[in-house]
Amino acid sequence: MSKQMTSVPRHLTFEIFRFNPHEPDGEPHMQRFEIEETPYMSLFIALNKIRETQDPSLQFDFACRSAICGSCGMMVNGKPSLGCRTLTADLPELIRLQPLPVFKLIGDLSVDTGVWFREMAQSTEAWIHAKEAFDPQADEQRMDDELANTLYESDRCIECGCCVAACGVARITKDFKGPAGLNRIARFMMDPRDERGDQDWFEVIANKDGVFACLGMMACHDICPKELPLLEVYAYLRRKALTTKSRDD
Ligand code: SF4
Ligand code: SF4
Ligand code: FES
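Here it is in structure tokens:
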């Protein structure tokens, strides 16, 4: 019988990280909350129940509730996960929630992934570079179906930050592009409308903050809630870096 079908509801204990960086006297600590589990309860439902019935000051982020907006990433029993897609039935009775590391803490479980992703996008110039100005009246350019699908796969990233939080290198190397950054770079490298050449990209990826900083243990690949093919992305970037000469050679 599925755990959802059992008749006696489980009693869940949440240990939740609490800290408000705007309160200078506050100390980071874990706070316990107890609730009864209900059928098909997600962490979104559980956290709202705790906030509504026990502590209105609890901070966390949700918007779409369907793995689209990327705002609800958090550490769930030590693993980066989307809160809206995580069912309590798949977790033990003791659930520990902490904010994603690497990103700026707003308070409790809420982090600002936007700053990190904006800096990454600016440092990699994550937009189409073309010499000709965009003509909105021009016919759409045709693109090979297979390539269009590959670009679409990369574009499915919802910028939740789970892969970055899972990456040991990103945790200790401030300027490492991170899994989501490497994915973004590959997306524009493969796009035939982007006119940056191999040597331009070489400067971006073949350095201590690029693909060679990646240790390749694939925690990011295993954790990505959208199941992006990050393994293939790094293989593509490594091949490109190894077959391109630097401008100094
Ligand atoms: S495979 Fe590379 S990018 Fe992914 S988690 Fe490991 S070190 Fe980070
Ligand atoms: S690659 Fe996956 S885990 Fe990383 S930010 Fe994008 S959707 Fe989230
Ligand atoms: S609330 Fe949007 S991804 Fe979870």
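Position one of the sequence shown corresponds to residue 11 (the numbering used here), numbered consecutively onward. For each residue, glycine too, the CB sits at the ideal point set by N, CA and C.
Query	Result
Own chain, CB closer than 7 Å to K114, minus 5 neighbours either side, in chain order	V121, D122, V125
Ligand 3 heavy atom lying under 7 Å from the CB of F43	no
Straight-line Cα distance separating D210 from P239	24 Å
Given 8 Å, three or more beta-carbon pairs between the segment 26-35 and the segment 45-53	no
Residue burial classification, M84 (beta-carbon count within 10 angstroms, cutoff 16)	buried
Buried versus exposed, by CB contacts within 10 Å (16 or more), M11	Note that M11 scores a pLDDT of 46, beneath 50, so its modelled location is shaky; the value from the coordinates is reported in the next line. Exposed is the call here.
Integer Cβ distance of R197 from L252, believed to fall under 8 Å	Between L252 and R197 the Cβ distance is about 20 Å, and since that is not below 8 Å, they are no contact.
Any alpha helix (DSSP H) of 4 or more consecutive residues that is wholly inside the segment 66-107	none
Pairwise C-alpha distance: L97 and E142	49 Å
Beta-carbon spacing of D208, T254 below 8 Å	yes
Three-state class that DSSP yields for I138 in the structure shown	coil
Per-residue DSSP class, three states only, for M200	helix
Any non-hydrogen atom of ligand 1 closer than 7 Å to C234 Cβ	no
Range of the contiguous alpha helix (DSSP H) that encloses L57	53-63
Coarse secondary structure for V121, derived from DSSP in three states	strand
Beta-carbon proximity of P19 to E46, cut-off 8 Å	yes
Any non-hydrogen atom of ligand 2 closer than 7 Å to L161 Cβ	no
Where F127 falls: helix, strand or coil (DSSP)	helix
Closest residue to A175 among S17, K250, L101, P111 (Cα-Cα distance)	P111
Any non-hydrogen atom of ligand 5 closer than 7 Å to M130 Cβ	This structure simply doesn't include ligand 5; it includes ligand 1, ligand 2 and ligand 3 instead.
Sub-8 Å separation of R152 and K236 beta-carbons	no
Distance cut-off 7 Å: S81 Cβ against heavy atoms of ligand 3	yes
Whole-number beta carbon distance between I60 and F43, since they are thought to touch under 8 Å	5 Å
Alpha carbon of L101 to alpha carbon of M200, nearest angstrom	39 Å
Where the beta strand (DSSP E) through I26 begins and ends	21-28
M11 - DSSP class collapsed to helix/strand/coil	For M11, the pLDDT reaches just 46, beneath the cut-off of 50, and the residue's location in the model is therefore unreliable, although a value from the coordinates is still provided. Coil.
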